[in-house]
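In the numbering used here, the protein residues as written are 1 to 202.
Every residue gets a Cβ at the ideal spot worked out from N, C-alpha and C, and that includes glycine.
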């Protein structure tokens with residue numbers, strides 16, 4: 001029987017105008033370890049066999065908005081086994097062994113999470129949240145309280161300090177929600193505690 005693996009796909013920005021789908025991680029079914037593909041080897045052209053499967057083609061159709069993700073279980077048939085496993089069944093890619101995702105907590109075996117990182121406050125927040133899985137909020141999808149709750153959980157997964165949540169928020173709002181943020185910022189400050197930013201009228 002062919003082994004199966006969980007793959008994590010993410011709609012991401014290639015540049016200011018282009019959105020691409022990346023495959024971030026692979027995890028063999030029944031195993032705790034998650035392996036991450038190098039960023040320079042996460043696109044369709046690097047994984048033609050995987051992206052050529054019917055299930056991945058359907059996944060890509062649904063990943064039109066940056067920040068959206070899907071976790072998919074795929075049977076590793078002959079061609080995919082050769083691509084992602086060595087002769088002993090160890091995970092590799094093009095005969096190169098992948099780095100493990102450090103600090104991973106397997107809360108859901110079909111939803112690999114990006115590693116937890118102890119963040120220096122001097123690190124630009126945009127360089128950190130590229131690993132944050134969250135669709136931009138426009139004031140409608142979903143309601144504000146639900147969105148903020150998800151944002152906090154994602155920040156916690158990346159070990160982002162609560163004092164920087166408002167910085168993260170700026171990167172994940174658009175439309176009316178962005179207008180609110182900029183207006184709020186003119187009157188107040190990023191230095192306010194996060195509780196002050198959790199405005200029910202967002």
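At what residues does the alpha helix (DSSP H) containing residue i begin and finish?
i	result
residue 65	Taken as a continuous stretch (DSSP letters only), residue 65 belongs to no alpha helix (DSSP H), as it is neither H nor E.
residue 88	Counting along the chain, residue 88 falls outside any alpha helix (DSSP H), and DSSP gives it neither H nor E.
residue 145	144–157
residue 170	165–171
Between which two residues does the beta strand (DSSP E) holding residue i run?
i	result
residue 16	Unbroken run through residue 16: none, as it is neither H nor E.
Here's the rule: buried if 16 or more other CB atoms are within 10 angstroms of the residue's CB, otherwise exposed. What is residue i?
i	result
residue 12	buried
residue 95	exposed
residue 65	exposed
residue 175	exposed
residue 39	exposed
residue 25	buried
residue 166	buried
residue 160	buried
residue 82	exposed
residue 71	buried
residue 14	exposed
residue 182	exposed
Does the Cβ-Cβ distance between residue i and residue j come in under 7 Å?
i	j	result
residue 168	residue 155	yes
residue 10	residue 51	no
residue 67	residue 153	no
residue 5	residue 98	no
residue 41	residue 22	no
residue 157	residue 101	no
residue 80	residue 49	yes
residue 27	residue 20	no
Quick check on DSSP: helix, strand or coil for residue i?
i	result
residue 208	Missing from the structure shown is residue 208; the chain here goes from 1 to 202 and no further.
residue 11	strand
residue 28	strand
residue 33	coil
residue 54	helix
residue 184	helix
residue 5	strand
residue 95	coil
Between residue i and residue j, which are expected to be in contact by the criterion C-beta below 8 Å, what is the C-beta distance as a whole number of angstroms?
i	j	result
residue 73	residue 29	7 Å
residue 151	residue 134	6 Å
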